[in-house]
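Accompanying notes for the structure given below.
Residue numbers (my numbering): 6 to 190.
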């Protein structure tokens with residue numbers, strides 16, 4: 006079990022136990038099978054971004070609530086030390102940089118899309134905003150019937166409480182910073 010799987014396993018188990026949820030009930034509210042949830046809690050599975058987003062959406066928690074581990078007062082994050090979460094056969098990579106906590110209602114990621122890769126993102130909790138800045142390449146963001154092209158050096162902000170799609174339609178790697186902001190409810 007790698008460190009990230011261990012952290013996810015412990016956090017999911019702690020959240021589920023704290024809410025007194027059975028695996029059956031957790032499966033029902035997340036749409037993730039009971040067997041997959043059990044494998045995740047035992048650290049036997051390397052869950053995809055989509056699976057983690059289903060779990061966080063069902064539990065109404067931030068994405069990084071599953072990735073959180075005790076941190077010192079000053080954080081220096083070394084990119085080479087981060088284990089990415091992957092999707093689309095490894096062509097989409099999410100690097101968790103700064104994780105959510107109640108005193109800081111946002112989380113920050115570096116995201117990489119190989120040429121031609123895309124991700125269909127599930128809706129985040131109501132009022133959640135995404136703020137994206139593209140550092141390299143070009144990103145297409147599809148929100149309902151609207152599409153937005155975000156080029157190198159450009160940024161976009163939108164409410165992410167509805168399903169949305171990210172696509173790299175550029176001829177090479179697209180690299181960006183993604184900030185998820187969660188409102189106080």
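Beta carbons: idealized from backbone N, C-alpha and C, even for Gly.
- DSSP links residue 123 through a beta bridge to 172.
- Residue burial is scored here from C-beta neighbours: residue 101 has at least 16 other C-beta atoms within 10 angstroms and is therefore classed as buried.
- For residue 96, no alpha helix (DSSP H) run applies, since DSSP gives it neither H nor E.
- Counting of Cβ neighbours within 10 angstroms places residue 109 among the exposed residues, the total staying below 16.
- In this model, residue 119 and residue 31 are separated by some 33 Å (Cα to Cα).
- Here residue 48 is buried. Its C-beta has 16 or more other C-beta atoms within 10 Å.
- Less than 8 Å separates the beta-carbon of residue 143 from that of residue 155.
- The three-state secondary structure of residue 183, taken from DSSP, is strand.
- Here the alpha carbons of residue 45 and residue 73 stand approximately 15 Å from one another.
- Taken in chain order, the whole alpha helix (DSSP H) runs of length 4 or more contained in the stretch 134-172 number zero.
- Counting along the chain, the unbroken alpha helix (DSSP H) around residue 33 starts and ends at 28-35.
- Bounds of any beta strand (DSSP E) do not take in residue 84, whose DSSP letter is neither H nor E.
- Around the Cβ of residue 150, a 10 Å sphere holds fewer than 16 other Cβ atoms; the residue is exposed.
- Three or more Cβ pairs closer than 8 Å define a contact, and the stretch 82-100 falls short of that threshold against the stretch 156-167.
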